[in-house]
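S.K.: Structure incoming, see below.
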Amino acid sequence: MHDVLAFNHFITQDVLIVFYYIGAILMPLLMWLGRGWIVRNIAFAKRWDERLKRLNTSLSKRGKITTILAVIGFFLCMELCWRMVFEAMIGYFDMHDYLYEIYKHQHLGGLK
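Whatever position you read off the sequence shown (first residue = 1), add 26 for this note's numbering.
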């Protein structure tokens, strides 16, 4: 407990995992649900939504399929990048913990 209070051991891994799932699952869902409110209440967004709907109706079936596949691909790439960022942060904090344990073992004679 003393290591946590003295910031020698970080609690970030558990916290980062929670924030990863919030960002990976909850944020896209909230953005999808919030899109309707934004389009209804913000004139600029309403104009762009109308333009995008006109563009969508003018596309051929192949164009619509290509657009849908591109959006899905971008979404999956975004999720992959989100995952890699959190893996890098977790790895960094794990390295800190391991290095601190090595330091304690070498300089404090292995006392815990």
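Heads up, the beta-carbon is just placed ideally off N, CA and C, and yes, glycines get one too.
1. Whose C-beta lies closer than 8 angstroms to the C-beta of Y46 among residues of the same chain, with five residues either side of it excluded?
2. In its own chain, which residues sit with a C-beta less than 8 angstroms from the C-beta of I64, not counting the 5 before and 5 after it?
3. Please give the ranges of any alpha helix (DSSP H) in the stretch 27 to 91, keeping only runs that are unbroken, at least 4 residues long and fully inside the region.
4. Only counting the same chain, and skipping five residues up and downstream in sequence, which positions put a Cβ closer than 7 angstroms to that of T93?
5. For F36, I'd like the list of residues in its chain whose CB is within less than 6 angstroms of its CB, leaving aside the five on either flank, ordered along the chain.
6. With DSSP run on the structure shown, which of helix, strand or coil describes L134?
7. Using CA atoms only, rank isn't needed, just tell me which of L31, L42, G60 and L56 is closest to I116.
8. Candidates F101, E76 and D40: which alpha carbon is nearest M57's?
9. Just to confirm, are E105 and A50 a CB contact at a threshold of 8 angstroms?
10. CA-CA distance, R80 and K90?
M.R.: Taking the geometry as given:
1. W108, R109 and F112
2. A71
3. 28 to 31, 38 to 47, 53 to 67 and 69 to 84
4. L85
5. F119
6. Coil.
7. L42
8. F101
9. At a Cβ-Cβ threshold of 8 angstroms, E105 and A50 count as neighbours.
10. 12 angstroms
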